[in-house]
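Engineer: Have a look at this one.
What follows is the structure, encoded as C-alpha cells:
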C-alpha cells in the first residue's frame, strides 16, 4: 500500500520548475497540470493522517471491525478538531501576533515570530492531537497565509526555505543505497516504468477522455512522469510504522532520483515531437487558445498593481473605492 502510494504522487516543485522554464505556467495546460498536482498533495496530506490508524488496525489483526472503525473515526475526529481550532482560533491569533511583531520595526523579530508560530503549531499538532508533523506544518502555512503580512513572511523566510530544501534532499541522498542499482536492477527498472510509462499513459487517457487536446494530454502525462518530496515523506512514515521495509524505501528513492533526472529530457522530447507534428495552421481554434497565456488584452482605463502584499492590498482597496 505505502509503496504504491509513493509511486503515485508527483512532485509539484519539479513540475513548477519545468513549466516555468518553458513559460507554460500561465497556459491552460500548465494550469491543469498544476491543479492536478495540488489535488494530489491534498490527498497525500489525508494519507499522512490515516496511515498511523491503518498501521494500528493491521497490528490488531484479531480486533473486531467495530473497534477498528472506531480507531479510524477517532483519528479523523482529532484531525477535524485540529483543523477547526486552526481555522477559528488560528486565523484570529496568528495575524494579530504577526502584526504586533511587524509593528516593532525589527525584521529579525518578525522572522523569529514566523518561525515560532510555524514550528509551534506543528509541534502542538503532534503533542495534543496526534497529528503528523507534516500535516501540522501544512496547516500552519494555511493559517499564516490568512495574514496581510503573509507575503512579507514568505519573502523573509525564503533563505531558510531554500536551506531546508537543500538539507531535505541531502538527507534523502544519505538514505539512498546506490548498490540497489546493481543488486536489483530489474526491480528499479520496474518501478521506473510504472512512474514514467504507467502514470503517463493513465493520465493521457483520462485527459483525452475529458475532451482536451492532444497537446494538453501529452503535457500533463509528461508532468506526472516523476515522483518527489511526498514519496520520501510517505516512505519515511511507512518505515517508522512498519508498513515498508528498507528495500522498498531504497526502491522508492532510486526510482524518484531517476525519474526526476529523466523528466527534463521527456519535456524536451515532447517539445520536439509537437514541433514536428503540429503547426499553428494545423491546430484547431481550441488548441491555439490553450497556448495563449491567460492575460486580458481588451481592458482599458484600468490600473495594474505589481505585488499584492500589505501595501499593494491597501492600494487595491483605495482603487476599488474610487471605482477604478
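In the numbering used here, the protein residues as written are 682 to 1005. Glycine included, every Cβ here is placed at the ideal spot set by N, Cα and C.
Determine the direct distance from the alpha carbon of residue 936 to that of residue 696, and round the result to whole angstroms.
Structural biologist: In the chain shown, the residue the question calls residue 696 occupies position 15. In the chain shown, the residue the question calls residue 936 occupies position 255. About 17 Å.
Engineer: Is DSSP giving residue 1003 helix, strand or coil here?
Structural biologist: As a first step, residue 1003 is located in the chain shown; it is residue number 322 there, counting from the start. Coil, per DSSP.
Engineer: With a Cβ-Cβ cutoff of 9 Å, do residue 778 and residue 794 count as a contact?
Structural biologist: On the chain shown, position 97 is the one that residue 778 refers to. On the chain shown, position 113 is the one that residue 794 refers to. Here residue 778 is near residue 794, since their CB atoms are less than 9 Å apart.
Engineer: Rounding to the nearest angstrom, what Cα-Cα distance links residue 992 and residue 982 in this structure?
Structural biologist: Numbered from 1 along the chain shown, position 311 holds the residue referred to as residue 992. Numbered from 1 along the chain shown, position 301 holds the residue referred to as residue 982. Near 22 Å, if we compare the C-alpha coordinates of residue 982 and residue 992.
Engineer: Three-state secondary structure (DSSP) at residue 656?
Structural biologist: No statement about residue 656 is possible, as the shown extent of the chain runs from 682 to 1005 and does not include it.
Engineer: Rounded to a whole number of angstroms, what is the C-alpha to C-alpha distance between residue 783 and residue 837?
Structural biologist: As a working mapping, residue 783 is identified with position 102 in the chain shown. As a working mapping, residue 837 is identified with position 156 in the chain shown. Rounded to the nearest angstrom, the two C-alpha atoms are 12 Å apart.
Engineer: Take every Cβ of the segment 914 to 934, pair it with every Cβ of the segment 888 to 901, and state whether three or more of those distances are shorter than 8 Å.
Structural biologist: no
Engineer: To the nearest whole angstrom, what separates the beta carbons of residue 688 and residue 908, a pair I think is in contact under 8 Å?
Structural biologist: On the chain shown, position 7 is the one that residue 688 refers to. On the chain shown, position 227 is the one that residue 908 refers to. Right, the Cβ-Cβ distance comes to about 6 Å (below 8 Å), so this counts as a contact.
Engineer: Hey, could you find the ends of the alpha helix (DSSP H) residue 698 is sitting in?
Structural biologist: Position 17 of the chain shown, counted from the first residue, corresponds to residue 698. 693 to 702 is the extent of the alpha helix (DSSP H) around residue 698.
Engineer: Drop a sphere of 10 angstroms on the beta-carbon of residue 711, count the other beta-carbons inside from all chains shown, and report buried for 16 or more, exposed for fewer.
Structural biologist: In the chain shown, residue 711 corresponds to position 30, counting from 1. Per the 10 Å Cβ criterion, buried.
Engineer: Given residue 902, which residues of its chain have a CB within under 6 Å of its CB, disregarding the five upstream and five downstream residues?
Structural biologist: For the purposes of this step, residue 902 is identified with residue 221 of the chain shown, where counting begins at 1. Hits under 6 Å: 881, 884, 885.
Engineer: Have a look at residue 833 and residue 952 and give me their C-alpha separation to the nearest angstrom.
Structural biologist: On the chain shown, residue 833 is found 152 positions in, with the first residue counted as 1. On the chain shown, residue 952 is found 271 positions in, with the first residue counted as 1. Rounded to the nearest angstrom, the two C-alpha atoms are 37 Å apart.
Engineer: Any heavy atom of the ligand NAD closer than 8 Å to the Cβ of residue 901?
Structural biologist: Only the bare structure without any ligand can be found here, which leaves the ligand NAD out of the picture.
Engineer: Are the beta-carbon atoms of residue 930 and residue 873 separated by less than 9 Å?
Structural biologist: By one-based count along the chain shown, residue 930 stands at place 249. By one-based count along the chain shown, residue 873 stands at place 192. No.
Engineer: With DSSP run on the structure shown, which of helix, strand or coil describes residue 821?
Structural biologist: One-based indexing of the chain shown puts residue 821 at position 140. Note: residue 821 maps to helix in three-state DSSP.
Engineer: Which stretch, first to last residue, makes up the alpha helix (DSSP H) that contains residue 938?
Structural biologist: Locating residue 938 in the chain shown gives position 257, counting from the first residue. First-last of the alpha helix (DSSP H) with residue 938: 927 to 958.
Engineer: Do the CB positions of residue 691 and residue 906 come within less than 9 Å of each other?
Structural biologist: Position 10 of the chain shown, counted from the first residue, corresponds to residue 691. Position 225 of the chain shown, counted from the first residue, corresponds to residue 906. When the beta-carbon positions are compared, residue 691 and residue 906 come within less than 9 Å of each other.
Engineer: Taking the CB atoms as reference points, tell me whether residue 767 and residue 823 lie closer together than 9 Å.
Structural biologist: Numbered from 1 along the chain shown, position 86 holds the residue referred to as residue 767. Numbered from 1 along the chain shown, position 142 holds the residue referred to as residue 823. Contact flag set, yes.
Engineer: Rounding to the nearest angstrom, what Cα-Cα distance links residue 938 and residue 932 in this structure?
Structural biologist: The count along the chain shown starts at 1 and reaches residue 938 at position 257. The count along the chain shown starts at 1 and reaches residue 932 at position 251. Approximately 10 Å between the Cα atoms of the pair.
Engineer: Quick check: the Cα distance between residue 799 and residue 825, rounded to an integer number of angstroms?
Structural biologist: Numbered from 1 along the chain shown, position 118 holds the residue referred to as residue 799. Numbered from 1 along the chain shown, position 144 holds the residue referred to as residue 825. Cα to Cα, residue 799 sits roughly 8 Å from residue 825.
Engineer: Looking only at its chain, what residues have a beta carbon closer than 7 Å to the beta carbon of residue 831, apart from the 5 residues adjacent to it on each side?
Structural biologist: For the purposes of this step, residue 831 is taken as residue 150 along the chain shown, with counting starting at 1. Excluding sequence neighbours, residue 831 sits near 825.
Engineer: Could you tell me which of 921, 760, 984, 704 sits nearest to residue 1005, measuring between CA atoms?
Structural biologist: Residue numbering aside, residue 1005 sits at position 324 when the chain shown is read from its first letter. Of 921, 760, 984, 704, the residue nearest in Cα terms is 984.
Engineer: Let me know if residue 987 comes out buried or exposed under the rule of 16 or more other beta-carbons within 10 Å of its beta-carbon.
Structural biologist: For the purposes of this step, residue 987 is taken as residue 306 along the chain shown, with counting starting at 1. Exposed.
Engineer: Determine the closest residue to residue 792 out of 770, 704, 839, with distance taken between C-alpha atoms.
Structural biologist: Looking up residue 792 in the chain shown gives position 111. Among 770, 704, 839, the Cα nearest to that of residue 792 belongs to 839.
Engineer: Out of 810, 733, 828, 887, which has the shortest C-alpha to C-alpha gap to residue 773?
Structural biologist: Residue mapping note: residue 773 aligns to position 92 of the chain shown, counting from 1. In terms of Cα proximity to residue 773, the closest of 810, 733, 828, 887 is 828.
Engineer: From which residue to which residue does the alpha helix (DSSP H) around residue 684 run?
Structural biologist: Walking along the chain shown from the start, residue 684 turns up at place 3. First-last of the alpha helix (DSSP H) with residue 684: 683 to 689.
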